């Protein structure tokens, strides 16, 4: 029997009508003779509302209790979807994380899946039940509830597809696929029919927000082919896989990220070990560093600049100011009015001139580049955040519309 | 170490302020050197809101899925109370029904507790944690979530007290004890310091709504002494136990129940087996019959009248109308404008004249008695529902104010 694992996000089940819509999609797959397992998120704003409830009582609540609280959100949505499928007359059962065998580590609020004990899942599938699994949640070795963090339901779906050796993993969302740029801000953005895991990872990291990168990493590791498609329109989406069709258009996407900050330490001693000291301290605080730029030493001092997620910039500044004495720096600067614009494409290393074309497009629009970072499949530049929309458009025009 | 099990109802944790208030009560007990286990209901209207959500999607949802849905309510409240106790700086852990070892039968929506596996509870108490247990819920032998039905959290608390051999079981509620009558409707109602299980059972059945009778039955079976007290005022409540202090006032309470219906079958054959046929059919439909009255046979026919909960009266009428042919009855009548007023007191059988005094009080107020039922500790009369408040007052005056 062919098995489909699919995932629906919170906006896909935000209202009773949308829950019924999802029930329709799921039962249509079932009617076509497939076994169906659904990983589900909490409805609409449920998680945010629960977080508000917690903060009213204790803004410093333990992560263990937060996970107990938040996992109630998927508990509500899975039972409601099961009821909707019952109404359509199909056999269905909802399973919470612990019932579906999701065993995780004990890193509350961002646990990692260690394994899925599939006995119960297999038994329900053997009964030909549609199985609705609470995404985002599991239990640890103490039998305590854990949650997987942001994007956890995508990861739940991919883990289910890998554990059950599903033939297909469909991630239903409120967009109908992966685009070459955000269609809401960039004119002429084109939907891709296929994209590789690596390209998708870069786009996810860059804020394309279609798939959480943890889920893509897991899909890559277990070679689970993902289809990203719309829960509102029934048409093909974008396939994410190891090797995508070779297309004339080797640049797969242009993405912007405004939620970053640029941090500089001015006038540190130009001696060995300084960068190590700085970034080991930053890493110990679990701050994610992206682009790093070090000025050429002059007068025995140099400047080190790097980017971090905006929400971690406060932490980063405090950490660096505490170190200033020991590294002999003069001062720490932080600029949050910056954004990163990137082009992504797996064929990039064999196509010279990509960087030049990108810089030319930005120059043509009179946009100043503050920092540059390149990898085998990506070129990123740091610019003023007020230029973001224009930069995305001109870079997209240069590559995609050629 | 002395152990207290306590229970708080939904209104006691309806708002963040009330959650903090409960956290204060619980930590005060803990500070006095006690081990504390709390059984908790869902907040305020949570359960009703979840039921509404389900009905919007499928009014005929399976009880299994309803139980998954509703048990999310206590999951939310236990984690919030744990966060409040964390804020006050005490060690605490919340446990869901399955984590606390509540094993039930598979009667979804009104499951019965079969046992509590106390290993986890004992381990948490050994760590000197305050333990917050989700009331109302458990799991069955298939590891599926079950709920205990109305009043389930009271039952959870008593079961915990029995399983853990607690020294005390305190049921905190929005009233400060058990009264001789509902103080909102009867002037001069007096709070009792003690009451027996049997008296409490009669009062609960009669709609005193302080404790659910399943919890009192369980307390009686395992000899768990219960104290009913207020979560808003800190003062002694009412103790429910096997033998209460002998008091001058042997009538413990006067209660009214307006949610009943009187059903009559007119002109059935006056032959043996008719009552058996009727009430075995009624019992098979799980309709609870209270007072039964059979007229003296005349002209070869008789009338049979009985009372049922108002919500079951429709079922009862349909069931009887289907039988009319086989029992030779003429017609079925149903009156929902009736109510039952009762006096309860364990000493009743040794105090002659209780019935006479009750009837005299009603006669003095010109209230007509339609039916009468007596037991060793209770006398009930059926009257017009519009007379209920007056009847409660005059009967209460006659016994309690004497």
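Chains as they are written, first to last, in this note's numbering: chain Y, -18 to 383; chain R, -18 to 383. Using N, Cα and C, we set each Cβ at its ideal position, and we do this for glycine too. These numbers were taken from a predicted model, which means no experiment stands behind them.
Output yes if chain A places a C-beta closer than 8 Å to the C-beta of residue i; else output no.
i                     : result
residue 68 of chain R : Structure shown: chain A not included; protein chains present are Y and R.
Using a Cβ-Cβ cutoff of less than 8 Å, which residues in the same chain neighbour residue i once the five nearest sequence positions on both sides are dropped?
i                      : result
residue 384 of chain R : Outside the shown range of chain R (-18 to 383) lies residue 384 of chain R, about which nothing can therefore be said.
residue 329 of chain Y : 231, 232, 335, 357, 358, 359 and 360
residue 185 of chain Y : 191, 192, 193, 194 and 197
residue 147 of chain R : -16, -15, -14, 18, 141 and 205
residue 281 of chain R : 250 and 251
residue 308 of chain R : 246, 249, 250, 255, 258 and 259
Can you find a C-beta in chain R that's less than 8 Å from the C-beta of residue i?
i                      : result
residue 39 of chain Y  : yes
residue 110 of chain Y : no
residue 105 of chain Y : no
residue 42 of chain Y  : yes
residue 0 of chain Y   : yes
residue 386 of chain Y : Residue 386 of chain Y is absent from the structure shown; chain Y starts at -18 and stops at 383.
Roughly how many angstroms separate the alpha carbons of residue i and residue j, rounded to a whole number?
i                      : j                      : result
residue 153 of chain Y : residue 212 of chain Y : 5 Å
residue 13 of chain R  : residue 325 of chain R : 37 Å
residue 362 of chain R : residue 239 of chain R : 12 Å
residue 297 of chain R : residue 237 of chain R : 22 Å
residue 300 of chain Y : residue 262 of chain Y : 8 Å
residue 179 of chain Y : residue 234 of chain Y : 12 Å
residue 260 of chain R : residue 353 of chain R : 19 Å
residue 177 of chain R : residue 198 of chain R : 11 Å
residue 97 of chain R  : residue -15 of chain R : 17 Å
residue 106 of chain R : residue 39 of chain Y  : 23 Å
residue 66 of chain Y  : residue 10 of chain R  : 47 Å
residue 368 of chain Y : residue 224 of chain Y : 34 Å
residue -11 of chain R : residue 202 of chain R : 22 Å
residue 268 of chain Y : residue 294 of chain Y : 8 Å
residue 344 of chain R : residue 351 of chain R : 12 Å
residue 149 of chain Y : residue 83 of chain Y  : 20 Å
residue 77 of chain Y  : residue -18 of chain R : 36 Å
residue 74 of chain Y  : residue 132 of chain R : 27 Å
residue 243 of chain Y : residue 266 of chain Y : 17 Å
residue 99 of chain R  : residue 46 of chain R  : 27 Å
residue 59 of chain R  : residue 113 of chain R : 6 Å
For the beta strand (DSSP E) holding residue i, just list the boundary residues, first then last.
i                      : result
residue 320 of chain Y : 312 to 325
residue 242 of chain R : 234 to 250
residue 175 of chain R : 175 to 177
residue 213 of chain Y : Counting along the chain, residue 213 of chain Y falls outside any beta strand (DSSP E), and DSSP gives it neither H nor E.
Can you give me the Cβ contacts of residue i inside the same chain, cut-off strictly under 7 Å, excluding the 5 residues immediately before and after it?
i                      : result
residue 247 of chain R : 284, 310, 311, 312 and 314
residue 48 of chain Y  : 89, 90, 126, 127 and 128
residue 273 of chain Y : 287
residue 209 of chain R : 152, 154, 158, 159, 191, 192, 218, 219 and 221
residue 348 of chain R : 364, 368, 371 and 372
Would you kindly report the start and end of the unbroken alpha helix (DSSP H) that includes residue i?
i                      : result
residue 289 of chain R : Premise fails: residue 289 of chain R lies in the beta strand (DSSP E), 282 to 290, not in any alpha helix (DSSP H).
residue 61 of chain Y  : 44 to 68
residue 365 of chain Y : First-last for residue 365 of chain Y: 359 to 365, but that is the beta strand (DSSP E), not the alpha helix (DSSP H).
residue 299 of chain R : 294 to 308
residue 378 of chain Y : 369 to 381
Run through chain Y and tell me which residues come within less than 8 Å of residue i, C-beta to C-beta.
i                      : result
residue 320 of chain R : Here the premise fails: no neighbours, minimum Cβ distance about 36 Å.
Ordered along the chain, which non-local residues of its own chain (more than five positions away) have a Cβ less than 6 Å from that of residue i?
i                      : result
residue 370 of chain Y : 166
residue 69 of chain R  : 4 and 8
residue 342 of chain Y : 375, 376 and 379
residue 53 of chain Y  : none
For residue i, would you say it is in contact with chain Y, using Cβ-to-Cβ distances shorter than 8 Å as the test?
i                      : result
residue 23 of chain R  : no
residue 57 of chain R  : yes
residue 124 of chain R : yes
residue 129 of chain R : no
residue 114 of chain R : no
residue 342 of chain R : no
residue 35 of chain R  : yes
residue 373 of chain R : no
residue 49 of chain R  : yes
Find the residues of chain Y that neighbour residue i, judging by a C-beta separation of less than 7 Å, and give them in chain order.
i                     : result
residue 65 of chain R : 38 and 39
What residues from chain R crowd round residue i, counting only those whose CB sits closer than 8 Å?
i                     : result
residue 80 of chain Y : 124 and 125
residue 31 of chain Y : 57
residue 75 of chain Y : 46 and 49
Along chain R, in chain order, which residues have C-beta atoms closer than 7 Å to that of residue i?
i                     : result
residue 53 of chain Y : 53, 56 and 57
residue -3 of chain Y : 37 and 38
What residues of chain Y sit near residue i, judged by a beta carbon separation below 9 Å?
i                      : result
residue 137 of chain R : Here the premise fails: no neighbours, minimum Cβ distance about 17 Å.
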